[in-house]
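Counting with the working numbering, you get residues 10 to 330 for the letters of the sequence shown. No residue lacks a Cβ here, since even glycine has one placed at the ideal position from N, Cα and C. From a predicted model like this one, the values you see are computed outputs, not experimental measurements. Take a look at the structure set out below.
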Amino acid sequence: MFSRVLGHQRQKNLLQKAIRCGRLPHAYLFEGPDGIGKRLVALALIKMLFCNNESACGDCPACQKVDHHNHPDLHQVGPEGNSIKIEQIRTLQKELSYRPLEANHKVCLIDGAEKMNLAAANALLKTLEEPRDQTLLILLTPSPDSILPTIRSRCQRLPFSRIPREKLQEVLVEQLQIGDAQAHILATLSEGSFKKAFGKDRELYLKRRRELLKTLTGLSKGSILPLLKLAQEFADEKDLLFDILEIIQAFYRDLLLLKHGRPKEDLVNIDLMETLEQTSRKEDTLSLLGKLDALTATRRHLERNANRQLAMEVLLLKLVA
Ligand SMILES: [Zn+2]
Numbered sequence: 010m011f012s013r014v015l016g017h018q019r020q021k022n023l024l025q026k027a028i029r030c031g032r033l034p035h036a037y038l039f040e041g042p043d044g045i046g047k048r049l050v051a052l053a054l055i056k057m058l059f060c061n062n063e064s065a066c067g068d069c070p071a072c073q074k075v076d077h078h079n080h081p082d083l084h085q086v087g088p089e090g091n092s093i094k095i096e097q098i099r100t101l102q103k104e105l106s107y108r109p110l111e112a113n114h115k116v117c118l119i120d121g122a123e124k125m126n127l128a129a130a131n132a133l134l135k136t137l138e139e140p141r142d143q144t145l146l147i148l149l150t151p152s153p154d155s156i157l158p159t160i161r162s163r164c165q166r167l168p169f170s171r172i173p174r175e176k177l178q179e180v181l182v183e184q185l186q187i188g189d190a191q192a193h194i195l196a197t198l199s200e201g202s203f204k205k206a207f208g209k210d211r212e213l214y215l216k217r218r219r220e221l222l223k224t225l226t227g228l229s230k231g232s233i234l235p236l237l238k239l240a241q242e243f244a245d246e247k248d249l250l251f252d253i254l255e256i257i258q259a260f261y262r263d264l265l266l267l268k269h270g271r272p273k274e275d276l277v278n279i280d281l282m283e284t285l286e287q288t289s290r291k292e293d294t295l296s297l298l299g300k301l302d303a304l305t306a307t308r309r310h311l312e313r314n315a316n317r318q319l320a321m322e323v324l325l326l327k328l329v330a
C-alpha cells in the first residue's frame, strides 16, 4: 500500500487519483534528491497497477513478484558502470513491444535517468514520441536538468522533496527506538534521506562522529604526527570520506551558529555541547568561515580525484591553524 511508504503524501494522492480515474500518463519523471523514497513510491505505484487485489497489498503473487524483481511485465533499467547505454534502451523497447503477460500494463522503471548517454536518450525519445497503449515509463532522477529537454517535456514531471527534519526525527525515534537527541543528530546529518538515516551511515553518524570530532579537536598546531595519522585514517575511508567531510562541516557550522547565539535546535551535534562551547571560545567568525571554505575546497578537489591523503593533510593543517 502507498501508506507503507513514508512521507510524500501529495505525490501519493496524485498517483492514486491518476490510477483511479484511468488517467495515467505514458511517462512519469520523478525528480528529487537521492535516497528520499522516489523509487519506493514508484514501486508502490507499480504494485497498485499489478496487484491481484487492486490494492498494492504486498502479499499477492503479483506484488511479491515486483518485490522479487521477477514480474514479467516490469522491466528495470539502471546505469551500468557510469551510464545507461543504447543497448539497454533497445532491450527496453523490445520489452515494451510485447503485450503484458500477467498485468494490464507493461512498466519500465529507469533509475538514474540522467545517466543516459546521448545515443540512449535519443533512442528513448522515439519511444516517448510514439507511446503505446497500456505502457508506462517511470524515470527517476536527482538532477532533471541533466536530462534532454525533449525527454523532460514528454514526461509528466513529479517533484519530490526531502522529508522535513522534524518528520524524519519522529519516524527515527519510533522505528529505531532511539532517543530524541540521537534522532535529531541522525535526521539533521542525513538531510531528509531515509536511506542515509536507516542505512550504513547510522553507526558513523552516531558513534564514530563523536570519536572523530574528539580526535580532531584534540589536535594542536604542534602535533604533526597525530595529524598525519588522522589524515591517513580518513584517506583510507574511500567510501565514507564524503560523509566524514560532511560531519566535520556540520561541526564547524555548529561552531559558527553557536557563536552567533543561535538556539540549540539549530545545531547538529547537540550531544557535544561542551566540546562545542569550549572550541567556539577559541575561534573567531573569520577563522571559522575560512575553515568552512577549506572544507568546501577539499570536497571539490576530491570530486576531481585529487590525492586523498594529500587533500586531507592540507585540510587538517588548515583546520588546526
Ligand atoms: Zn497485491
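Per DSSP, residue 169 lies in no alpha helix (DSSP H) and is assigned neither H nor E.
Within the DSSP secondary-structure output, residue 39 pairs in a beta bridge with 149 and 167.
The beta carbons of residue 221 and residue 253 sit closer together than 9 angstroms. For residue 187, there is no enclosing alpha helix (DSSP H), as DSSP marks it with neither H nor E.
For residue 327, the uninterrupted alpha helix (DSSP H) run begins and ends at 317–329, by DSSP.
Taking 8 angstroms as the upper bound for CB-CB distance, residue 190 and residue 280 are in contact here, some 5 angstroms apart. Put simply, the residues with a CB less than 7 angstroms from any heavy atom of ligand 1 are 56, 60, 61, 62, 64, 65, 66, 67, 68, 69, 71 and 72, in chain order.
DSSP lists 83 and 145 as the bridge partner or partners of residue 116. Of all alpha-carbon atoms in 309, 34 and 274, the one lying nearest the alpha-carbon of residue 146 is that of 34. The beta carbons of residue 16 and residue 172 sit about 5 angstroms from each other, so the pair counts as a contact at 8 angstroms. Scanning the region 10–60 for uninterrupted alpha helix (DSSP H) segments of 4 residues or longer gives 18–29 and 47–59, listed from N- to C-terminal end. With 16 or more other Cβ atoms inside 10 Å of its own Cβ, residue 101 counts as buried. Relative to the Cα of residue 82, the nearest Cα in the group 69, 97 and 59 belongs to 59. Contact between the region 156–165 and the region 127–134 is present, with at least three C-beta pairs closer than 8 angstroms.
Minimum Cα-Cα distance from residue 11 among the listed residues 52, 31, 307 and 118 corresponds to 52. Remark: three or more beta-carbon pairs, one from each stretch, lie closer than 8 angstroms, so the region 115–124 and the region 69–89 are flagged as touching. Residue 238 places its beta carbon 9 angstroms or farther from that of residue 329.
Taking each of 42, 39 and 78 in turn and checking the Cα distance to residue 56, the smallest one comes out for 78.
Excluding residues up to 5 positions away in sequence, 148, 164 and 166 lie with their Cβ nearer than 6 angstroms to the Cβ of residue 38 in the same chain. For residue 299, the uninterrupted alpha helix (DSSP H) run begins and ends at 294–312, by DSSP.
In this structure, residue 175 keeps its C-beta atom at 9 angstroms or more from the C-beta atom of residue 206. Excluding the 5 residues flanking it on each side, residue 178 has same chain C-beta neighbours closer than 7 angstroms at 192, 193 and 196, in chain order. In its chain, beyond the 5 residues on either side, 171 have a beta carbon closer than 7 angstroms to the beta carbon of residue 200.
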